[in-house]
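Data block below; observations after.
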Amino acid sequence: MGWLFPIAAFSGFGPSAFHGWGDPRPAFVSAGTSRTLLKKLAEICPRGQPGVYALVNGRGELFYLGKAKCLRTRLLGYFNPSSRKEKSGRLARLARSIWWEPVPDEFAALLRELELIRRMAPVCNVKGLPEDRTRFYLEMTGGAAPYLRAVRQVRTHATRHWGPLPWTRRMREAIRAVNLHFRLRECPRPHPPLFPSRQVLLMAGQRNGPTGCLRHGLGLCIAPCLEGASRQAYGDAVAACLDFLSGNPKAIESLEKQMLAAAEETDFERAATLRDRMAQMRYLQGHLARLDAAWGLHGVHAVLGPSGVETWYLLHRGRVLEALRRPQQSTKALARLRKLLETNDGVPPGWRVWKLEQIDQVLLVMSWMKNNPLTVGRRLWTCEEADQWVPGDWNQSESA
Numbered sequence: 016m017g018w019l020f021p022i023a024a025f026s027g028f029g030p031s032a033f034h035g036w037g038d039p040r041p042a043f044v045s046a047g048t049s050r051t052l053l054k055k056l057a058e059i060c061p062r063g064q065p066g067v068y069a070l071v072n073g074r075g076e077l078f079y080l081g082k083a084k085c086l087r088t089r090l091l092g093y094f095n096p097s098s099r100k101e102k103s104g105r106l107a108r109l110a111r112s113i114w115w116e117p118v119p120d121e122f123a124a125l126l127r128e129l130e131l132i133r134r135m136a137p138v139c140n141v142k143g144l145p146e147d148r149t150r151f152y153l154e155m156t157g158g159a160a161p162y163l164r165a166v167r168q169v170r171t172h173a174t175r176h177w178g179p180l181p182w183t184r185r186m187r188e189a190i191r192a193v194n195l196h197f198r199l200r201e202c203p204r205p206h207p208p209l210f211p212s213r214q215v216l217l218m219a220g221q222r223n224g225p226t227g228c229l230r231h232g233l234g235l236c237i238a239p240c241l242e243g244a245s246r247q248a249y250g251d252a253v254a255a256c257l258d259f260l261s262g263n264p265k266a267i268e269s270l271e272k273q274m275l276a277a278a279e280e281t282d283f284e285r286a287a288t289l290r291d292r293m294a295q296m297r298y299l300q301g302h303l304a305r306l307d308a309a310w311g312l313h314g315v316h317a318v319l320g321p322s323g324v325e326t327w328y329l330l331h332r333g334r335v336l337e338a339l340r341r342p343q344q345s346t347k348a349l350a351r352l353r354k355l356l357e358t359n360d361g362v363p364p365g366w367r368v369w370k371l372e373q374i375d376q377v378l379l380v381m382s383w384m385k386n387n388p389l390t391v392g393r394r395l396w397t398c399e400e401a402d403q404w405v406p407g408d409w410n411q412s413e414s415a
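Residue numbering for the sequence shown follows the working numbering, starting at 16 and increasing by one per position.
Pasting the structure below:
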């Protein structure tokens, strides 16, 4: 069946947005057997050099991409039965060519690996592949009676958006828990809000009065469609919900007090319900807090590589816009970043929105910052601090 869907032979890694340190020089070895491939690899693979690598089978098809803090150690490890994992052994047996591309530091290797996996989608890679179908945006709808819901695309008429977020059952339950806690409407077929200042129009086949609402009867919805609350009361509930989504712990603390009170009264069923709702709301608030932290991440992230190459990564809203070899003067390097910081890219105030293809890099940058403390060899400067920078001076005060 291969002739029906031909795959082009792998011939190199191609261009990159992160080659500000200069054009890379990829290399490769090729052999008919694993033993010969190992021998050639040991002869020319560089020592102590981070980078990315590609494993190619006998038909010239790329089937795996990876990154390494040290290319030589990682690639030779594929052929060491005593230290390799089962998956590594299978990949080594399939490989007939190995390509690699050196980069200045481990952070550059992570960025380059993600870029290549998204572009080439090797069959044996799992992490880093596009997951557009498993992500959504959290939306606070517009109109007179807004509520929270999950949408696939950003809508300009909405009150606010966050995301993309993972499309999981736990996340969907968390959204429902927030709507229930703040008593926002969540009708499958949204009715027009009819606040007390207007005449009730929802008859739904009953001539003597409006249709009842189960959620309103249980005290889980303000029910603006049944004149259950004034416009001001519903607006206050929406404002409290937005305050919670912005990170205010007041709603969580209130739930915890109610849970403890219910437990003291031996109403354990209600206490368990409140406990579950509190956990769901904390889960959503935690995800939004990470998005908020990424949105405020901007500046110059300087990384000193093992070979002595110092690279500046220009960060804006958690994304790497450009990678530059250590400049002789900071003014030119910061001009582009300052210009971007002065604009909002058309995103309304309060929104935390990235494109689907951008979020993986944002998560990568946040993970790198979390797992790699800003110590000697890694620094994050604001524009003002970078203005005072002296080339090669790693003794300046640190700024996280």
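C-beta: ideal position from N, C-alpha, C; glycine also. Nothing here was measured: the structure is a model prediction, and the numbers come from that model.
Item to check | Strand pairing of residue 393, partner residues [DSSP] | outcome: 318
Checklist entry - Around the Cβ of residue 367, are there at least 16 other Cβ atoms within 10 angstroms (buried) or fewer (exposed)? => result buried
Checklist entry - Going by Cα to Cα distance, which pick from 126, 246, 123, 115 is closest to residue 158? => result 246
Item to check | Option nearest residue 313 by Cα separation, candidates 182, 90, 396, 60 | outcome: 396
Next on the checklist: Per the DSSP calculation, residue 154 is bridged to which residue(s)?
Outcome noted: 164, 176
Item to check | Buried or exposed by the 16-neighbour rule on C-beta atoms within 10 Å, applied to residue 194 | outcome: buried
Checklist entry - For residue 411, which residues from the same chain have a beta carbon less than 6 Å from its beta carbon, with the 5 sequence-adjacent residues on both sides left out? => result Residue placement at residue 411 is flagged as unreliable, the pLDDT there being 44, under the threshold of 50; a coordinate-derived value is accordingly withheld.
Checklist entry - Are three or more beta carbon pairs between the stretch 314 to 333 and the stretch 260 to 276 nearer than 8 Å? => result no
Item to check | Straight-line gap, residue 372 to residue 230 (C-alpha atoms, nearest Å) | outcome: 38 Å
Item to check | alpha helix (DSSP H) segment containing residue 302, residue limits | outcome: 283 to 310
Checklist entry - Quick one, which of 127, 171, 91, 150 has its alpha-carbon nearest residue 55's? => result 91
Checklist entry - Can at least three beta-carbon pairs, one atom from the stretch 195 to 202 and one from the stretch 175 to 183, be found at a separation below 8 Å? => result no
Item to check | Beta-carbon proximity check, residue 327 vs residue 122, cutoff 8 Å | outcome: no
Checklist entry - Span of the alpha helix (DSSP H) holding residue 122? => result 121 to 135
Item to check | Distance between residue 118 and residue 34 (C-alpha atoms, nearest Å) | outcome: 8 Å
Next on the checklist: Quick check on residue 238: buried or exposed, where buried means 16 or more other Cβ atoms within 10 Å of its Cβ?
Outcome noted: buried
Item to check | Bridge partner(s) assigned by DSSP for residue 112 | outcome: 45, 71
Next on the checklist: Judging by CA-CA distance, which residue of 361, 65, 389, 263 is the nearest neighbour of residue 299?
Outcome noted: 263
Checklist entry - Based on Cα-Cα distance, which residue from 150, 301, 248, 394 lies nearest to residue 182? => result 150
Next on the checklist: Using the three-state DSSP reduction, which class does residue 362 fall into: helix, strand or coil?
Outcome noted: coil
Item to check | Which residues DSSP lists as bridging residue 82, in chain order | outcome: 67
Checklist entry - From the DSSP output, which residues share a beta bridge with residue 62? => result Note: residue 62 sits in no beta bridge, so no partner.
Next on the checklist: Taking 8 Å as the threshold (C-beta atoms), are residue 156 and residue 167 in contact?
Outcome noted: no
Checklist entry - Out of 42, 340, 381, which has the shortest C-alpha to C-alpha gap to residue 308? => result 381
Checklist entry - Cα separation between residue 130 and residue 29? => result 11 Å
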